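Letter by letter, the sequence shown follows residues 7 to 949 in this note's numbering.
The beta carbon of each residue, even a glycine, is placed where N, CA and C say it ideally should be.
Predicted model, so just to flag it, every value in this text is computed and none were measured.
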Amino acid sequence: MPRLSGFEPQHAQRLAALRAYAILDTPPEREFDEIAEMAAQACGTPMAHINFIDADRQWIKAAFGHTPRSMPLDFGFCTEAMRADGVLVLPDLAAEPETAANPLVTGAPHLRFYAGVPLVTPDGWAIGTLCVLDRVPRTLTDQQIFILKALARTVMTQLESRNAEAALRRNEERYRSLFTFIDAGFCLVELKFEGGQAVDYRFLEANPAFERQTGLTDVVGRWMRELAPDHEQRWLDLYGRVALTGEPVRVEQSAEPLGRWYDVHAYRVDGPGRNRVAILYNDITERRRSERVLRAREAELRLVADAMPVLIAFIDRNLTYQFANAAYEAWTGQTPDAVVGRTVRDLLGPGPFEARRSGIERALAGQEVREEWAWTFPNGQARIADTRYLPRRGPDGRIDGFYVFAHDVSERKRIEVLLQSRAEHLEAQVAAQTRDRDRVWTLSPVLKLVSDRDGQVQSVNPSWSRALGWSETETIGRPALDFLATPEREAALAALRPLCAGSRVEDIELSCLTRAGDRRRVLWTVVPEDGLFYGFGRDITEQREAEEALRQSQKLEAIGQLTGGVAHDFNNLLTIIRSSMEFLRRPDLAEERRRRYLDAVSDTVDRAAKLTGQLLAFARRQALKPQIFDIGARLRSIADMLDSVTGARIRVVIDLPETPRYVRADESQFETALINMAVNARDAMDGEGSLILRLEGDRPMPPIRGHAGAPGPFVAVRVSDTGAGIPDADLGRIFEPFFTTKEIGKGTGLGLSQVIGFAKQSGGDIDVASARGHGTTFSLYLPQVEAPAEAAEADRGPRRTAEARRGLCILVVEDNLGVGRFCTQILEDLGHAPVWAKSAEEALTELDQAPDRFDVVFSDVVMPGMGGFALARQLQTNRPDLPVVLTSGYSHVLAKDDAHGFALVRKPYSAEQLAQVLYETAKRRGQPATPLPRPGKTDFPPA
């Protein structure tokens with residue numbers, strides 16, 4: 007075949023032709039070495055080689071006169087020879103500019119002569135060269151060129167022969183592998199005939215698969231009747247017919263003695279006279295078993311498909327029904343057998359078919375199609391079919407048809423329409439409710455706030471902004487406590503703590519900060535729900551202001567009543583004092599009557615002091631003298647004396663805990679409060695019933711009358727009666743001053759006012775519970791404290807009778823002239839040396855002039871300029887060694903700070919009380935005391 011024009015080293019077909027010979031990188035072969043040697047001898051050159059040109063190198067298969075090697079394409083001259091027609095002869099390489107610089111010329115082996123012939127395949131592809139080389143310039147004769155060409159053809163013939171031998175070896179190996187490893191059993195048998203009938207056959211060849219499939223081993227050279235005497239005659243007849251006629255057969259038959267099924271292909275070999283038959287066996291026992299199972303499953307699937315109310319069919323690419331289930335009879339009026347074999351157009355009609363054509367074409371293109379079609383049943387009933395076309399792919403992967411599934415969805419459609427109508431109606435209702443809810447949220451005058459469990463505000467309604475001035479943007483994201491007055495935040499946290507346990511909090515009154523810096527009183531109810539806290543607040547600022555105004559009005563009214571009541575009571579007391587003093591001035595008054603009038607004056611002063619004490623307790627300005635005492639012991643001692651207060655027909659019952667409970671309060675005021683409650687109970691029972699005093703300890707104080715409670719601990723003193731109870735209309739007013747339901751002249755209305763004043767001033771409160779016809783219970787809450795060790799020791803030690811002393815230098819500080827003059831006279835009568843200063847400033851001047859002169863300072867509390875309390879504090883700092891005794895009938899300073907640390911003498915006081923206090927105070931300074939005779943009782947007026 008002529009060479010293809012041109013030469014491209016990297017041409018894919020050329021490289022494929024080269025690699026088809028599998029010659030590259032093979033070891034030397036004698037045949038090729040001899041051809042190279044013959045070329046060198048024929049051309050008279052010292053060197054010759056056979057080259058094959060790869061994509062990027064030239065590889066020398068055989069070489070004569072030098073060592074074979076591989077080199078780059080641009081080193082040699084073979085690529086030029088492959089481009090030339092015939093033989094390329096280069097007589098003098100050094101003389102040609104194109105070749106003179108070649109490394110093979112300038113370096114080893116220093117070539118000067120080259121002649122080469124292309125090696126061309128039968129298809130015309132140049133794959134290499136046969137060339138001769140010399141180190142001196144020369145040329146070739148025509149005969150040498152002829153021989154060189156002939157040797158080049160010999161190289162190609164050798165390559166082709168080499169390829170053919172390799173192919174033959176591969177075919178033999180392939181056949182042997184096929185014979186050995188194919189799954190089909192193969193055997194070559196020679197039949198024996200008797201009377202024209204095959205009676206046996208002998209095995210000439212058998213592959214391993216034959217032994218595996220038949221279970222017969224070592225069969226070559228043996229007869230079948232020897233191996234299986236019960237071998238069926240039908241197999242002998244089948245093979246005999248093939249041997250005699252030469253017609254091949256293929257059958258599926260069972261071999262009962264072997265318990266197998268076979269697919270058998272038999273054909274004659276080696277001519278008609280030798281009776282030889284080649285047999286291919288395929289064991290199809292499992293396939294036949296699978297076919298039986300498959301047929302059973304098909305029958306079962308047909309049963310299932312026919313039982314389903316869904317229309318099921320398969321339609322091939324010719325749009326012909328290949329399968330239809332029993333539902334077709336109900337849908338079309340035709341049996342499945344009548345449907346199979348018909349076309350879609352024929353079954354549905356031209357109109358419905360054209361409507362479905364697009365979906366059918368898409369299904370045949372590989373798409374899953376789902377559509378709804380109106381369908382008329384044979385009985386004329388109109389239905390809606392939800393129809394699906396599912397493509398089916400054959401073994402070759404191509405779509406050979408599609409399945410049809412049609413489901414009657416008429417009822418579902420009716421329900422969907424009904425549900426859609428109801429959903430639209432429900433949506434309208436929800437929208438209306440949402441609008442109503444939004445209106446409630448937007449237009450409600452109630453402040454509404456939503457926060458998370460950490461207290462961060464999530465949303466607020468417009469009333470929040472209207473009431474407090476904070477916009478929604480300024481509020482959301484901030485802690486809710488930021489909007490409360492700082493002093494109330496801790497109490498608010500305590501009150502809101504039940505929210506964390508899932509309990510709602512109601513009616514907690516808090517001061518909320520406005521954006522302008524003012525405060526608004528808001529009554530809150532907070533409800534936990536779904537991990538959020540929902541707060542509802544009612545702005546009661548104006549209500550509280552109105553209540554305060556009402557209280558002020560009531561206070562003015564009370565002051566008016568107080569003025570009249572106090573004037574009336576004091577006029578009565580002054581009448582007694584004045585009348586007694588007039589009789590005492592008579593020189594002829596008998597001693598017995600003189601003592602009676604003096605006792606009347608003293609008793610009247612005590613009654614006046616009690617009246618002023620009640621008034622101060624009502625005003626919560628009573629100067630208390632708190633101390634720690636066992637409240638249970640006090641209740642027991644008071645209960646012993648209540649019989650004289652309540653009368654014989656009222657039974658007093660006490661219920662006390664075994665463990666002592668201690669409080670810090672004014673013991674005298676506590677007794678007064680208890681007696682006031684007992685008197686009220688007596689009057690409520692009309693002098694007959696039971697009065698129960700119960701003490702409970704370690705209790706919290708609950709919220710009372712809108713005020714927040716406290717965790718405590720508190721003691722609760724409960725005073726219960728069996729009286730008629732308090733009417734609901736009066737229950738909210740019983741603690742108001744001067745409020746009484748008693749007849750005129752039988753009550754002042756200050757008793758319970760004194761109780762609540764004492765409770766509040768002591769850090770507690772009082773609550774009341776009453777039901778008409780079932781009595782009333784007052785609960786007095788006081789802070790509970792631990793019993794100090796020194797108090798217990800003091801209680802166990804004997805009390806010492808205090809004795810007065812004389813000889814003290816006392817600085818008297820009193821702004822009231824009458825009281826100051828009278829006080830200095832009494833102190834002189836007691837044997838002391840008083841110095842009277844009419845103000846605190848004057849007293850400081852006296853002390854500066856004579857620092858060591860005075861033993862004690864006796865000062866009034868309420869004075870113009872510097873008060874007595876301020877004076878005492880200054881002396882405590884500057885003169886800590888100088889004792890100070892304070893006196894007052896009323897002081898808001900002492901009422902607020904009962905822990906002032908100074909000795910206090912309440913006005914009115916007696917000379918005996920004053921002498922006792924002065925003695926105790928001076929003794930603490932460490933001066934000796936000289937007992938004095940006990941003076942007569944002299945009362946000092948309050949100031």
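Distance CB(residue i)-CB(residue j) smaller than 8 Å
| i | j | result |
| --- | --- | --- |
| Val863 | Leu920 | no |
| Gly873 | Ala846 | yes |
| Phe209 | Gly227 | yes |
| Ile710 | Arg667 | no |
| Ser416 | Arg376 | no |
| Tyr287 | Gln340 | no |
| Ala909 | Leu786 | no |
| Arg294 | Ile133 | no |
| His116 | Arg89 | no |
| Phe320 | Tyr395 | no |
| Ile56 | Ile66 | yes |
| Leu699 | Thr652 | no |
| Trp476 | Arg428 | no |
| Phe411 | Val350 | no |
| Ala69 | Cys137 | no |
| Val841 | Glu852 | yes |
| Ala87 | Pro15 | no |
Beta-carbon separation (whole angstroms), residue i vs residue j, contact threshold 8 Å
| i | j | result |
| --- | --- | --- |
| Phe119 | Pro97 | 6 Å |
| Arg640 | Glu673 | 7 Å |
| Glu378 | Ala391 | 7 Å |
| Val456 | Ser465 | 5 Å |
| Ala26 | Leu154 | Wrong, their Cβ atoms sit about 25 Å apart, outside the cutoff. |
| Gly122 | Phe83 | 7 Å |
| Leu538 | Asp458 | 6 Å |
| Leu519 | Ala491 | 6 Å |
| Ser759 | Ile732 | Rounded, the Cβ-Cβ distance is 16 Å, inconsistent with contact. |
| Ile634 | Arg599 | Going by Cβ atoms, the distance from Ile634 to Arg599 rounds to 46 Å, so no, they are not a contact pair. |
| Ala497 | Ala714 | 6 Å |
| Gly763 | Phe720 | With a Cβ gap of about 18 Å, Gly763 and Phe720 do not count as contacting. |
Endpoints, the beta strand (DSSP E) within which residue i is located
| i | result |
| --- | --- |
| Gly695 | 695–707 |
| Ser726 | 716–727 |
| Asn288 | 282–289 |
| Thr220 | Segment 214–220 is the alpha helix (DSSP H) holding Thr220; no beta strand (DSSP E) there. |
| Tyr409 | 405–414 |
| Pro794 | Careful: Pro794 lies outside any beta strand (DSSP E) and carries neither H nor E. |
| Ile514 | 511–519 |
| Phe542 | 538–545 |
Extent of the continuous alpha helix (DSSP H) run through residue i
| i | result |
| --- | --- |
| Phe875 | 874–884 |
| Trp241 | 239–251 |
| Asp835 | 823–835 |
| Arg657 | Not the alpha helix (DSSP H): Arg657 falls in the beta strand (DSSP E), residues 656–661. |
| Cys969 | The displayed coordinates of the chain run from 7 to 949. Any statement about residue 969 would go beyond what the structure contains. |
| Trp470 | 468–474 |
One or two residues paired with residue i in a DSSP bridge
| i | result |
| --- | --- |
| Arg778 | Beta-bridge pairing links Arg778 to no other residue. |
| Ala330 | Ala319 |
| Trp379 | Ala391 |
| Asn57 | Ile66, Thr135 |
| Leu950 | Residue 950 falls outside the range modelled here, since the chain spans only 7 to 949, and no answer is possible. |
| Thr783 | Ser726, Ala775 |
**OP:** Could you tell me whether the region 447–465 touches the region 531–545, where touching means 3 or more Cβ pairs closer than 8 Å?
**Re:** yes
**OP:** Count the CB pairs spanning the region 675–690 and the region 719–733 that are closer than 8 Å, and state whether there are at least three.
**Re:** yes
**OP:** Inspect the CB distances between the region 507–514 and the region 486–494 and report whether three or more fall short of 8 Å.
**Re:** no
Subject >> Touch test, the region 110–119 against the region 167–180, Cβ-Cβ under 8 Å, three pairs minimum >> reply: no
Original post:
Is the region 87–101 close to the region 139–159, with three or more CB pairs under 8 Å?
Top reply: yes
Subject >> Segment contact flag, the region 325–332 with the region 423–430, C-beta cutoff 8 Å, min 3 pairs >> reply: no
Original post:
When the Cβ atoms of the region 429–439 are set against those of the region 408–415, are three or more pairs found closer than 8 Å?
Top reply: no
**OP:** Determine contact between the region 883–894 and the region 911–930, defined as no fewer than three beta-carbon pairs at a distance below 8 Å.
**Re:** yes
Original post:
Do the region 274–290 and the region 194–203 make contact, defined as three or more Cβ pairs closer than 8 Å?
Top reply: yes
Original post:
Taking contact to mean at least 3 C-beta pairs separated by less than 8 Å, is the region 269–278 in contact with the region 245–252?
Top reply: yes
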